[in-house]
Each structure stands twice: as structure tokens, then as C-alpha cells.
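Data block below; observations after.
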Amino acid sequence: MTAAGSWVRVCPVDALTMERGAAALVDGIQIALFRLADGNVHAVQHRDPFSGANVLARGIVGSRQGEPTVASPMYKQVFSLRTGRCLDRAGREPVPGDDGNLVVHAVQVRHGAVHVGPAVSGPAVSGPEASGPAASGLPADDQVVVLT
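The sequence shown begins at 38 in the numbering used here and counts up by one.
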């Protein structure tokens, strides 16, 4: 992200199709965005930890016992969109050096726009940020490309 704890405006919320993913490049980091039927928007890493391919925005959105999920289009591992935890490894191991879970980014929808914040879970996060979104600052409007 542009600075520690900062938020980046990514796109209008209406640009995201319900129950489908979209990829965004934010400060050189590939993010997969998902707008669910309940109106919530989730942001996770776009890279599949089991194949190494940047494909999760093309995953299958679903749920498990009320938990919103995405299934990788590669080998069908299922991940929680809230926590990034892999719920079903589908008999495979992640690529070397990866724990098999997704990095989750904080998301806010403000004034009709989706803002992506810092990682709130995953290997890049330690300390108190791991349990919830960091304090918000003014959004930066640069270094954003939404991929369709």
C-alpha cells in the first residue's frame, strides 16, 4: 500500500459484479475483490497458494456454514473470505514456502467507492493488526489499476 495503514480507492462499488471476483493491482500487489449478495466486499491476495498462479478473482464464490468462501479455479481449494484460512486442501500441498492460507486486506465502502487497506491477516501481518482493520486514513487515489 502507499503507506503503512493507508487506504487506497480502487473502484466504484457498482463496478463489482455480485458474487463474482475482480482483480485489482494496488501499489504492485495483486488483490482479488469479491462483492457478495449481502453487499459485503472482501479483498484477498489474488495468488493461489497451491498453484502459484494469480487466479483467485476467477474463483467460485460460495459459503460453508454461513462463512463466505472462494474456491480456487485451479485445484478447487476452498478459502474463507473473512479469514483467508484454507478450509479444504483438496488433497494437495501449497507451493514451497507458503502456508496455504490467503492474505486478507481490510476493505471499506465509502461514498460508493471500494477502498482497500492494509493486510489484516496472513504471513505478512504480525501484532495487533492481525485481528482487525487498521485505523483508516485518507485514501490515496494513485497506483490503482482494476483488471477485468
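Just so you know, even glycine gets a beta-carbon here, dropped at the ideal spot from N, CA and C.
Per DSSP, Gly96 is not a residue of any beta strand (DSSP E), being assigned neither H nor E. Beyond the five residues adjoining it in sequence on each side, Pro131 comes within less than 6 Å, by CB distance, of Pro86, Phe87 and Gly137 in the same chain, given in chain order.
Distances from the CA of Gly65 to each of Asn91, Val50 and Phe71 were compared; the closest alpha carbon is that of Asn91. When only Cα atoms are considered, Val144 and Gly128 end up about 31 Å apart. Per DSSP, reduced to three states, the secondary structure at Val140 is coil, with no helix or strand assignment. Remark: C-beta atoms of Val141 and Val157 approach each other more closely than 9 Å.
Residue pairing for Met55: DSSP places it in a beta bridge opposite Arg72. The beta carbon of Ala74 sits closer than 8 Å to those of Met55 and Glu56, all from its chain and outside the five residues before and after it, given in chain order.
Relative to Val115, the option among Arg95, Val153 and Gly76 whose CA is nearest is Arg95.
The Cβ atoms of Gly121 and Gln67 do not sit closer than 9 Å to each other.
Looking at the DSSP output, Phe116 shares a beta bridge with Val107 and Cys123.
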